[in-house]
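**Student:**
Numbering (the working numbering), first residue to last: 64 to 564.
#1: Please give me, in chain order, every unbroken run of the alpha helix (DSSP H) with length at least 4 that falls completely inside the region 187 to 226.
#2: So the candidates are 440, 435, 107, 415; which of them puts its Cα closest to the Cα of residue 330?
#3: Can you say whether residue 224 is buried or exposed, counting buried as having 16 or more other CB atoms within 10 angstroms of its CB?
#4: Between which two residues does the alpha helix (DSSP H) harbouring residue 394 extend?
#5: Specify, as a first and last residue, the run of the alpha helix (DSSP H) that residue 490 falls within.
#6: Do the region 140 to 160 and the region 286 to 302 meet, that is, are 3 or more Cβ pairs less than 8 Å apart?
#7: The alpha helix (DSSP H) with residue 119 in it runs from where to where?
#8: Just checking, does the region 229 to 236 make contact with the region 101 to 108 on the three C-beta pairs under 8 Å criterion?
#9: Which residue marks the beginning of the alpha helix (DSSP H) containing residue 312, and which one marks its end?
#10: Restricting to Cα atoms, I'd like to know which of 226, 314, 293 is closest to residue 98.
#11: Return the chain-ordered list of same chain residues with a C-beta closer than 6 Å to the C-beta of residue 504, the five sequence neighbours on each side being excluded.
#12: On a CA-only basis, which of 171, 213, 546 is nearest residue 201? Give me that one, please.
#13: Would the beta-carbon of residue 115 fall within 8 Å of that of residue 283?
#14: With distances taken Cα to Cα, identify the nearest neighbour of residue 179 among 436, 245, 265, 194.
#15: Give the range of the alpha helix (DSSP H) segment to which residue 275 is assigned.
#16: Let's see if you can read the secondary structure: which residues bound the alpha helix (DSSP H) around residue 426?
#17: Would you call the region 339 to 358 and the region 458 to 473 touching, i.e. three or more CB-CB distances under 8 Å?
#18: Using 8 Å as the threshold, is the C-beta distance between residue 365 and residue 460 below it?
#19: Measure the CB-CB distance between residue 447 and residue 333 and report whether it falls below 8 Å.
#20: Would you report the Cα separation of residue 353 and residue 133, rounded to the nearest angstrom?
#21: What is the DSSP secondary structure of residue 341, counted as helix, strand or coil?
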């Protein structure tokens, strides 16, 4: 009696399994390219930033930061969620994208014109001579980047993150070359302006080289759904902008320019792990979640895997930054940046808390719950700016930084609960995904504090203490992960091997 036909066939992966591996490979390649782009950029920009900080003054940073508040606001309206809407849209062809490309250019040109009109009033508002020319110069970035917004969204939609990484590298290299050159030549705050503009030109040139796109006449019926998504993104972006920049606006009114520059630099330092790790995940997850949003078990799997992996990497960076801020400032930045220490510690702890739930807003966007993201964005806008003002009036920039830490749970927790409910993800499962990083970070903190107490005597000096704390923290954190969470490590390695095979 012959064997059944199925038994005679070699085993082949099922279609769902093959699709899962395909998605795993696409996602990991995307993360790898995004990570390579961001970390190589950081390796280039981090030492250069320190050199530039030594050549410029806190007042130089403070002036440009005040202009960036306006530039970021108008830029957010100019981009208006175009790139994000293109990435997550259910359907998007070159015809629709070309219409949005035209819209992007029109909005960029409008932003430049508006900036020229408001430059003088902004100078009077802040009372900073020369500020109007900085506003006009930096507004040119709107028209430059307008050419790349929609093509960049298409590249993300197509999982072409290699091209995006190349564009980021070009931007960083050009920015740094220009800033270092002008800083050494003594151009002051114009150093930062010229670097930003030159980097933007390099970025959009590379983007367009990899994803050229024709301009087309807009027709409302073709882009109505995309415009609806953009509407939610604009509202959420406005709320986020109000929160993320009200601290600098308030600091600019309650503190000196030097103190504002110190706070801004602390904010920049505290954002490095977030921008380079959480930011790259946020760039990739919309494309991935668009693919799996109709399959909730797979969606939940990716949400937990990304959350656990991200928290394991970024949490020790934030906590470590808060622990060694004093010695780091003394060794790397110098005595003139002493005002950075307390804001850096408080901001690092605040971002550490928010990083644990960073992927969940992307979940809400993927399941077409943009209105929920907007609702909690408005809640954040109602709660945090008054806290910035109250704390800032009493304690200056240190108080503004403290308000971030106190207000973070109010911002994060309600939105996170809503995101878990949207995909039927039990909260205990999400907390279980966070446990490896949180438990290891607690062990690391105890070890670093112990070393600081042992080396507290002035005879040891900041350099010895900084090196000892970094080494102790790294060894303790890695040891805690490998010893107490060995099974999770094996599971992660198995997933990596499966995706590569």
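Beta carbons are placed, not taken as given, at the ideal position from N, Cα and C, and that holds for glycine.
**Tutor:** Taking the geometry as given:
#1: 194 to 209, 212 to 220
#2: 415
#3: buried
#4: Neither: residue 394 is in no alpha helix (DSSP H) and is coded neither H nor E.
#5: 490 to 517
#6: yes
#7: Run containing residue 119: none; DSSP gives neither H nor E here.
#8: yes
#9: 283 to 317
#10: 226
#11: 378, 379, 382
#12: 171
#13: no
#14: 194
#15: Unbroken run through residue 275: none, as it is neither H nor E.
#16: 423 to 429
#17: no
#18: no
#19: no
#20: 32 Å
#21: helix
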